[in-house]
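Working notes, structure below.
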Amino acid sequence: EELCRDFAFPVLQWQAKYEGIYLLGTSIARPLISKVCLQVAREVGAEAYAHGATGKGNDQCRFQLAAEALEPTVKIIAPWRMEKFRKLFPGRTAMIDYCAKKNIPVKASIKKPYSSDENCLHISYEAGDLEDPAVDGIPIIDFGMTVSPQEAPDKVEQVTIGFEHGVPLSVNGKKLSPLAIVEEMNRIAGRNGVGRIDIVENRFVGMKSRGVYEAPGMTALYAAHLALEQLTIDRETVHLRDRISPEVAEMVYYGFWFVPKMDALMAFMREVQKPVTGDVTLGLYKGNVMVQSRTSPNSLYDAAIASMEAGGSYDQTDAEGFLRIQGLPSRVLGKVRPRKY
Numbered sequence: 404e405e406l407c408r409d410f411a412f413p414v415l416q417w418q419a420k421y422e423g424i425y426l427l428g429t430s431i432a433r434p435l436i437s438k439v440c441l442q443v444a445r446e447v448g449a450e451a452y453a454h455g456a457t458g459k460g461n462d463q464c465r466f467q468l469a470a471e472a473l474e475p476t477v478k479i480i481a482p483w484r485m486e487k488f489r490k491l492f493p494g495r496t497a498m499i500d501y502c503a504k505k506n507i508p509v510k511a512s513i514k515k516p517y518s519s520d521e522n523c524l525h526i527s528y529e530a531g532d533l534e535d536p537a538v539d540g541i542p543i544i545d546f547g548m549t550v551s552p553q554e555a556p557d558k559v560e561q562v563t564i565g566f567e568h569g570v571p572l573s574v575n576g577k578k579l580s581p582l583a584i585v586e587e588m589n590r591i592a593g594r595n596g597v598g599r600i601d602i603v604e605n606r607f608v609g610m611k612s613r614g615v616y617e618a619p620g621m622t623a624l625y626a627a628h629l630a631l632e633q634l635t636i637d638r639e640t641v642h643l644r645d646r647i648s649p650e651v652a653e654m655v656y657y658g659f660w661f662v663p664k665m666d667a668l669m670a671f672m673r674e675v676q677k678p679v680t681g682d683v684t685l686g687l688y689k690g691n692v693m694v695q696s697r698t699s700p701n702s703l704y705d706a707a708i709a710s711m712e713a714g715g716s717y718d719q720t721d722a723e724g725f726l727r728i729q730g731l732p733s734r735v736l737g738k739v740r741p742r743k744y
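Taking this note's numbering, the leading residue of the sequence shown gets 404, the next gets one more, and so forth.
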């Protein structure tokens with residue numbers, strides 16, 4: 404519940420996607436994991452925080468940056484950054500082999516050595532044969548949340564999501580908790596093949612990596628939220644959000660969650676989201692998400708103004724003066740520095 408309510412939904416309100424694609428399902432879980440681990444450490448009197456993240460990846464940054472922001476004196480133990488440990492286990496294959504010999508249950512295997520990270524928001528798949536970006540990842544991966552678009556039903560499934568102040572509150576008219584909303588949307592969108600992406604991304608540590616992700620519920624919620632914003636947020640505010648959103652995504656991806664800048668950005672977004680209340684109906688079909696209807700008591704859309712038909716409250720002659728003013732700088736420049744055409 405906390406992951407969805409206090410982490411994923413605020414990021415959803417920002418429409419934050421790392422490099423325009425990745426919905427940050429792994430990234431946003433890490434600060435919460437660090438927070439809970441430190442709470443347990445305090446309860447049992449532990450002074451150190453250990454994690455199994457590789458020294459080449461992003462998670463080591465997310466875990467440590469979050470932990471040190473909350474507890475500046477905490478000791479971080481990261482075995483993959485220790486030379487002695489790496490001599491015993493040079494890589495994932497050696498570790499998987501060791502676990503098999505010692506009957507330690509792990510999801511990865513020698514045949515399928517890719518790394519998988521799962522929570523209620525998504526599942527990620529990396530490493531193994533996926534490290535070759537020329538390799539098709541679909542036949543390699545046992546997807547856990549989605550069917551393939553080819554196997555999805557041959558008819559459109561409608562789903563209506565209700566929002567209040569930018570927060571998802573209901574699915575098909577039934578009010579649910581944040582976690583229940585995500586789980587229900589995972590089931591509905593997942594069975595329609597929605598939410599798979601394959602990306603070569605730029606890691607915080609400097610290298611490029613290939614990841615395959617599935618996030619069916621969040622993909623649909625992002626689409627519904629954006630559709631409702633189109634009705635309810637004014638142009639200047641939404642354009643400002645769109646300019647800042649990539650930076651918010653970077654901060655989440657890199658691990659800068661518990662910082663004053665993020666606090667300020669979230670406070671700004673809470674104000675922006677106040678009018679984002681209403682219902683959006685999506686049509687889901689073989690991996691596609693289509694907006695079928697959107698309604699809001701706070702809608703800024705005025706059909707009388709927007710109509711292409713005669714009449715209405717918009718006087719088209721007003722555009723004459725508007726364009727004379729807007730075009731003034733270009734006319735002055737055109738006289739002083741003529742362009743060839």
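Virtual Cβ for every residue (Gly too), placed ideally from N, Cα, C. What you are looking at is a predicted structure, and each value in this text was computed from that prediction instead of being measured.
* State the Cα-Cα distance for the pair Phe698 and Ala537, rounded to the nearest angstrom. => Going by the sequence as given, residue 698 is Thr instead of Phe. Straight-line Cα distance between these residues: approximately 44 Å.
* the stretch 409 to 427 contacting the stretch 445 to 453, beta-carbon criterion three pairs below 8 Å -> As far as the Cβ criterion goes, the stretch 409 to 427 does not touch the stretch 445 to 453, which means the pair count is below three.
* Asked: The alpha helix (DSSP H) spanning Val562 covers which residue range?
  -> First-last for Val562: Glu560 to Glu567, but that is the beta strand (DSSP E), not the alpha helix (DSSP H).
* Asked: Got a sec, what are the start and stop residues for the alpha helix (DSSP H) Asn589 sits in?
  -> Pro581 to Gly593
* **Whole runs of the beta strand (DSSP E) within the stretch 508 to 559, excluding any shorter than 3 residues** => For the beta strand (DSSP E) assignment, the uninterrupted runs of no fewer than 3 residues enclosed by the stretch 508 to 559 are, from N- to C-terminal side, 518 to 521 and 526 to 529.
* **CB of Val679 within 8 Å of CB of Leu631, strictly** => Against a cut-off of 8 Å, the Cβ pair of Leu631 and Val679 comes out as a contact.
* Look at the Cβ atom of Gly428, then the Cβ atom of Tyr625, and state whether they are nearer than 8 Å. => No, the Cβ-Cβ distance between Gly428 and Tyr625 is not below 8 Å.
* **Asp705 - containing beta strand (DSSP E), residue span** => Note, Asp705: premise wrong, no beta strand (DSSP E); not H, not E.
* Asked: Can you check whether the CB of Pro571 is closer than 8 Å to the CB of Asn745?
  -> The structure shown has nothing for residue 745, since the chain only spans 404 to 744.
* Asked: Less than 8 Å separating the beta-carbons of Cys523 and Val585?
  -> yes
* Please state whether DSSP places Lys664 in a helix, a strand or coil. => DSSP places Lys664 in helix when its eight states are reduced to three.
* Close Cβ partners of Val597 (< 8 Å) along its chain, the five nearest in sequence each way excluded -> Thr549, Pro619, Thr622, Ala623, Leu687, Gly690, Asn691 and Val692
* Taking all protein chains shown into account, decide if Leu426 is buried (16 or more other Cβ within 10 angstroms of its Cβ) or exposed. => buried
* Could you pull the start and end residues of the alpha helix (DSSP H) that Thr730 belongs to? => According to the sequence displayed, residue 730 carries Gly and not Thr. It spans Asp721 to Val739 - the alpha helix (DSSP H) in which Gly730 sits, taken as one unbroken run.
* Are the CB atoms of Gln463 and Ala456 nearer to each other than 8 Å? -> yes
* Nearest-angstrom Cα separation, counted from Met669 out to Pro663 -> 10 Å
* To do: May I ask which residues mark the beginning and end of the alpha helix (DSSP H) holding Gln695?
  => Taken as a continuous stretch (DSSP letters only), Gln695 belongs to no alpha helix (DSSP H), being part of the beta strand (DSSP E) at Asn691 to Thr698.
* Bounding residues of the beta strand (DSSP E) (the contiguous stretch that carries Glu604) -> Arg599 to Asn605
* Bridge-paired residues (DSSP) for Ile479 -> DSSP output for Ile479 lists Tyr452 as bridge partner(s).
* To do: Starting from Lys504, follow the alpha helix (DSSP H) in both directions and report where the run begins and ends.
  => Arg495 to Lys504
* Asked: In the DSSP assignment, what residue or residues form a beta bridge with Gly614?
  -> The beta-bridge partner set that DSSP reports for Gly614 consists of Ile602.
* Asked: DSSP beta-bridge partners for Val683?
  -> Ile564 and Arg697
* Asked: So what does DSSP say about Tyr625, is it helix, strand or coil?
  -> helix
* Just mark Pro377 as buried or exposed, buried being the case when its beta carbon has 16 or more other beta carbons within 10 Å. => For the chain, the structure presents residues 404 to 744; residue 377 sits outside this window and is missing.
* To do: Would you identify the three-state DSSP class for Leu572, choosing helix, strand or coil?
  => strand
* **Of the residues Lys505, Leu406, Ile591 and Leu533, the one placed nearest Lys514, counting alpha carbons only** => Leu533
* Count the CB pairs spanning the stretch 482 to 498 and the stretch 629 to 649 that are closer than 8 Å, and state whether there are at least three. => no
* **Proximity below 8 Å, CB of Arg465 to CB of Gly609** => no
* Distance, Val641 Cα to Ser527 Cα -> 30 Å
* To do: Would you kindly report the start and end of the unbroken alpha helix (DSSP H) that includes Asp645?
  => Arg638 to Tyr657
* To do: Less than 8 Å between the CB atoms is what I'm expecting for Asn461 and Arg613, so what's the real figure, rounded?
  => That pair is no contact at about 14 Å.
* Sorted by chain position, which residues of the same chain lie with C-beta nearer than 7 Å to Asp601's C-beta, five sequence neighbours on each side aside? -> Gly540 and Val615
* May I ask you to list the residues that DSSP assigns as paired with Tyr425? => For Tyr425, which the question treats as bridged, DSSP gives the partners Tyr421.
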